[in-house]
Structures are given as structure tokens and as C-alpha cells.
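Trainee: In my numbering, the protein residues as written are 14 to 431. Below are the C-alpha cells for one structure; questions will follow.
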């Protein structure tokens, strides 16, 4: 790879690297595990030990919205982008303690193991409904026909969004994704993202007002009721949290299902193993290996709150830092034969959902939906195989997911989940 020698301007969003980022990550991890990338004007950390230390180190701040707005934008840019930064500033993933601690304690009450487990019957129903329609066709786009609708329906129902309004979120989410997940060079991305973000915020603010006046059995009402001592969430914090959960909740699960099926179809012996052992322990192990091997998050972003030395490299205050989870999860110092997809591995040290303070709040929901979905696809669609067209991957820096993934299979009635 010629651009890895001499210069630090490594483009990670070429078509080849979007489709398969792991070769370039492996070479960087071996030869330049901590380096400043001039192309992105940011530091990249790729080794598992360095990344884990950074995730534990509070000097790597998640509060990067306010500093960027205040110090890195021109006056004109601040005026233009103020609505975006105001809304994103309410997301707990962009907060540090003590604000993050307060928000997470209040929001986490809605994601206890008991609360998540109550959704299993409904997830099974949604999967049954989707497959009943898809199985007789003999082909589908995994993303648009299955992996997107499943978590979108579930998270919308959790929040109390009327069924007639669920399709509204598809366009809003797509517009926001290219901004939050770093799709550089996408024409008009900031303008579209801000427009969609404002529309989504207005919509959810209306739901917050509705459920504050008339509480119901849903997530928004639970957030309104949430209290820790004298602390409560403001309406702006509830709206911002709902945007984060709606966006992050379904995007992460969509990518987990899509990436997982892609890995299984490329490794038919592992697909057979999954079908042969679809008990709870086997499904849990499969999800953990998918998260390690090709998870939905390539990187997490931090900002240096002060000067920090990492492996002899001085990262200056206010420098942006990309913690490359996808590279750390294939670090041979931690995982034997790391480029091999092995459902018997059951890795416990992967960082697919992060680590520490900002460990993915919706991880339990994503794991539950992912395990049910992949088990159903593997067992109920005979001879499942990739379609004639290759998958189309989203050209994003931070996330790892597909825009489309055509597959075919022998038409059937799809059966019903036990």
C-alpha cells in the first residue's frame, strides 16, 4: 500500500477500503498503531491495548460538539450550523461526567434486563411478519426488506410512535447518518442532515408534550418519569435522547444483522454450525463473534481534553482522535487467528460496543434483536445465498454497514418461530 509509506495522508474511504477496511487496518496496526492522519486532520489509535486504555482515560473527552462549535468554526459557520450543534449537544454520547453520569443514570432505567426481555415476544412477532411476506419471493434486499424494518418498528413502538408515522424516520435517519458517521464528500450532507434533524426534533418534541400530558406505557413516558434524587430530564434532554436512541438504536441493529448475515454467507460452514446449534448459548456466542469480526462500529471519536502521550506520540489538546474498534477487534495479540470467523470463539475481550462510561446503552436490545433475526434467517430461508449483485457499503468512516445486500433463497412459507 504505497500511501502508507512516508506520508500520513491515508484515505480510508476509497471504494476498496469501504468494502473491506481490514487489510489497511491490519497494516496500520502493525506499522503505525498510533499516527496522525493528515487526510482527516486527526489521530488514529488501532491496537487493542492502546484503544482500551484510551476508552478508560477521561482525558479523551466525548464532549467534542461544544469545543468544535466554539473553536473550530467561523462566525458564519456557527450561525449556519447552530441548530445541529444545539440538538447534538443534548446527546449523552457527546457529554462527559458529571452531565453524562446524570443522563445515563436516568435513561438506563428504561434499559434494565427485565425491561429489554419484555420485548422478546414482540420482536419474534415482527420477524414472523416480515418473513411471512418475504419467504415466498425467493429473493430480497436484506437491508431494506428485513434488517432495517425490524429494529425501526421495535424502537418506534418502544417510544410510542404511531404506526402510521414510522416511515417518516427512514429519510430523517439517512440524512443524519452521513453527518454523524462521517461520510466525507457527500454533496449537501450538512444541509440535509440539519433539515432532517430539525424535523425529527420537532416531531419528537410533540410526542414528549403529548405523553407529559397523558402518560402511556412507552419509553418517552418512562423518561419523563425518570428521577434520581431531585434530578429529572428536561424536555430538550428527553427529545435529544429519543433522537439518539431512535437513530443509534436502529442503525446499529440494522448493521449488526446485515454484517452478521454477510459473514455467515461468506463462511457456509459457520452458517451450518449456527443452524445446528441455535440454542441461547450458541446464539450469544455467534453475536459476540460477529461483533468482533465485522461489527457495526468501525471507530469511536474522542477529543483530547489536554496534552496526552500515547506510545511516545504527543496528542495535543483539542486534537481529534479516532479509536479504531474494527482494528482492535482483530489484534493478533488478543485474538488468535483474528481474521478467521469462528462461531465457537465466543470472544469476551472485543470492543464492538465500546467499553466503560460510553458502553452502548442499547447493547442488550441490539443483541436480542440480532440473535432472533439471524437465527430466523438461517433456519427459515432454505439455501440462503448472496445475490448476483455485491453488497453496497455505506461510505462512512465511523460506522460499518450496507446500503443494500441482495440475497436469494428457495421460496417457502417461511415457517413460524417457535
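Beta carbons are placed, not taken as given, at the ideal position from N, Cα and C, and that holds for glycine. Keep in mind that this is a model prediction, so the values were computed, not measured.
1. Beta strand (DSSP E) containing residue 57: first to last residue?
2. Starting from residue 164, trace the alpha helix (DSSP H) in both directions and tell me its first and last residue.
3. Determine, using beta carbons only, whether residue 104 and residue 253 come nearer to each other than 9 Å.
4. Work out the CA separation of residue 367 and residue 57 for me, nearest whole Å.
5. Please go through the same chain and pick out, in chain order, the residues whose beta-carbon is closer than 6 Å to the beta-carbon of residue 307, but skip the five residues on each side of it.
6. My output table needs one value for residue 419: the three-state DSSP class, helix, strand or coil.
7. Between the beta-carbon of residue 84 and the beta-carbon of residue 331, is there less than 9 Å?
8. Do you know offhand how far residue 390's Cα is from residue 278's?
9. With distances taken from CA atoms, which of 97, 323, 71 is nearest residue 212?
10. Whose CA, out of 425, 424, 426, 420, lies closest to the CA of residue 159?
11. Assuming contact is defined by CB atoms lying nearer than 9 Å, are residue 163 and residue 266 in contact in what I supplied?
12. Is the distance from the Cβ of residue 171 to the Cβ of residue 232 below 9 Å?
13. Considering only the alpha carbon of each residue, which of 25, 386, 281, 264 lies closest to residue 373?
14. How many Å lie between residue 207 and residue 315 at the Cα?
15. Assign residue 385 to one of three DSSP states: helix, strand, or coil.
16. Which residue's Cα is closest to the Cα of residue 282: 356, 156, 181?
17. Measuring CB atoms only, is the stretch 382-389 touching the stretch 129-145, in the sense that at least three cross pairs come out at less than 8 Å?
18. Looking only at its own chain, which residues have a Cβ that is under 7 Å from the Cβ of residue 261, when we skip the five neighbours before and after it?
19. Check whether the Cβ atoms of residue 341 and residue 64 lie closer than 9 Å to each other.
20. Check whether the stretch 109-117 and the stretch 220-227 touch, using three or more Cβ-Cβ pairs below 8 Å as the test.
21. How close, in whole Å, do the beta carbons of residue 129 and residue 378 come, if the pair is a contact with beta carbons under 8 Å?
22. Can you say whether residue 403 is buried or exposed, counting buried as having 16 or more other CB atoms within 10 angstroms of its CB?
23. Residue 357 by DSSP, collapsed to three states: which one?
24. Apart from the five residues just before and just after residue 392, which ones in its own chain have a Cβ nearer than 7 Å to its Cβ?
25. Taking just the CA atoms, how far does residue 125 sit from residue 34?
26. Measure the Cβ-Cβ separation of residue 469 and residue 381 and say whether it is below 9 Å.
27. If you follow the alpha helix (DSSP H) that residue 32 is part of, which residue opens it and which one closes it?
28. State the DSSP-derived secondary structure class of residue 251, mapped to helix, strand or coil.
29. Return the CA-CA distance between residue 312 and residue 365, expressed in angstroms with no decimal places.
30. Out of 93, 69, 108, 144, which one is the CA nearest neighbour of residue 80?
31. Report the CB separation of residue 144 from residue 336 in whole angstroms; it is logged as a contact under 8 Å.
32. Is residue 54 closer than 9 Å to residue 333 when the C-beta atoms are compared?
33. Going by other Cβ atoms of all chains shown within 10 Å of its Cβ, with 16 needed for buried, is residue 327 buried or exposed?
Mentor: Based on what the coordinates show:
1. Locating residue 57 in the chain shown gives position 44, counting from the first residue. Residue 57 -> beta strand (DSSP E) spans 55-58.
2. Numbered from its first residue, the chain shown carries residue 164 at position 151. Looking at the DSSP string, the run of the alpha helix (DSSP H) that includes residue 164 is 162-172.
3. Position 91 of the chain shown, counted from the first residue, corresponds to residue 104. Position 240 of the chain shown, counted from the first residue, corresponds to residue 253. In this structure, residue 253 lies closer than 9 Å to residue 104 by Cβ.
4. Numbered from its first residue, the chain shown carries residue 57 at position 44. Numbered from its first residue, the chain shown carries residue 367 at position 354. Looking at the backbone, the Cα of residue 57 and that of residue 367 are separated by about 16 Å.
5. The sequence position of residue 307 within the chain shown is 294, counting from 1. Answer for residue 307: 272, 276, listed in chain order.
6. Position 406 of the chain shown holds residue 419. Annotated three-state conformation of residue 419 is strand, per DSSP.
7. Taking the chain shown and counting its residues from 1, the one referred to as residue 84 is at position 71. Taking the chain shown and counting its residues from 1, the one referred to as residue 331 is at position 318. Yes.
8. As a position in the chain shown, residue 390 is number 377, starting the count at 1. As a position in the chain shown, residue 278 is number 265, starting the count at 1. Whole-angstrom Cα-Cα distance: 11 Å.
9. For the purposes of this step, residue 212 is taken as the residue at position 199 of the chain shown. Minimum Cα distance to residue 212 is reached at 97.
10. Within the chain shown, the letter at position 146 stands for residue 159. Residue 159 has its Cα closest to that of 420, out of 425, 424, 426, 420.
11. Here the question's residue 163 lines up with position 150 in the chain shown. Here the question's residue 266 lines up with position 253 in the chain shown. At the C-beta level, residue 163 and residue 266 come within 9 Å of one another.
12. As a working note, residue 171 is residue 158 in the chain shown. As a working note, residue 232 is residue 219 in the chain shown. A contact, by the Cβ cut-off of 9 Å.
13. Mapped onto the chain shown, residue 373 falls at position 360. Of the listed residues, the one whose Cα sits closest to residue 373 is 264.
14. Here the question's residue 207 lines up with position 194 in the chain shown. Here the question's residue 315 lines up with position 302 in the chain shown. Straight-line Cα distance between these residues: approximately 22 Å.
15. On the chain shown, position 372 is the one that residue 385 refers to. Three-state DSSP puts residue 385 in a helix.
16. Taking the chain shown and counting its residues from 1, one reaches residue 282 at position 269. Checking every option, the nearest Cα to that of residue 282 belongs to 356.
17. Between the stretch 382-389 and the stretch 129-145, the count of Cβ pairs shorter than 8 Å is three or higher; the stretches touch.
18. The sequence position of residue 261 within the chain shown is 248, counting from 1. Excluding residues within five positions, the ones whose Cβ falls inside 7 Å are 375.
19. In the chain shown, counting from the first residue as 1, residue 341 sits at position 328. In the chain shown, counting from the first residue as 1, residue 64 sits at position 51. Between residue 341 and residue 64, the C-beta spacing is below 9 Å.
20. no
21. Start at 1 with the first residue of the chain shown, and residue 129 comes out as number 116. Start at 1 with the first residue of the chain shown, and residue 378 comes out as number 365. At roughly 6 Å, the Cβ-Cβ gap stays under 8 Å, so residue 129 and residue 378 are in contact.
22. What you label residue 403 is simply residue 390 of the chain shown in a count that begins at 1. Exposed is the call here.
23. Along the chain shown, one-based indexing puts residue 357 at 344. Coil.
24. Residue mapping note: residue 392 aligns to position 379 of the chain shown, counting from 1. These residues qualify, in order along the chain: 288, 291.
25. Locating residue 34 in the chain shown gives position 21, where the first residue counts as 1. Locating residue 125 in the chain shown gives position 112, where the first residue counts as 1. So the two alpha carbons sit approximately 34 Å from each other.
26. Here the chain covers residues 14 to 431 and nothing more, so residue 469 does not appear.
27. As a first step, residue 32 must be located in the chain shown, where it is residue number 19. Here the alpha helix (DSSP H) through residue 32 covers 28-32.
28. Indexing the chain shown from 1 puts residue 251 at position 238. Correct three-state label for residue 251: helix.
29. By one-based count along the chain shown, residue 312 stands at place 299. By one-based count along the chain shown, residue 365 stands at place 352. Each residue's Cα considered, the two are about 9 Å apart.
30. Counted from its first residue, the chain shown places residue 80 at position 67. Ranking 93, 69, 108, 144 by Cα distance to residue 80 puts 108 first.
31. Mapped onto the chain shown, residue 144 falls at position 131. Mapped onto the chain shown, residue 336 falls at position 323. Incorrect: roughly 37 Å between the Cβ atoms, too far for contact.
32. Numbered from 1 along the chain shown, position 320 holds the residue referred to as residue 333. Numbered from 1 along the chain shown, position 41 holds the residue referred to as residue 54. Cβ atoms of residue 333 and residue 54: closer than 9 Å.
33. The residue you call residue 327 lines up with position 314 of the chain shown. By the 10 Å Cβ count, residue 327 comes out exposed.
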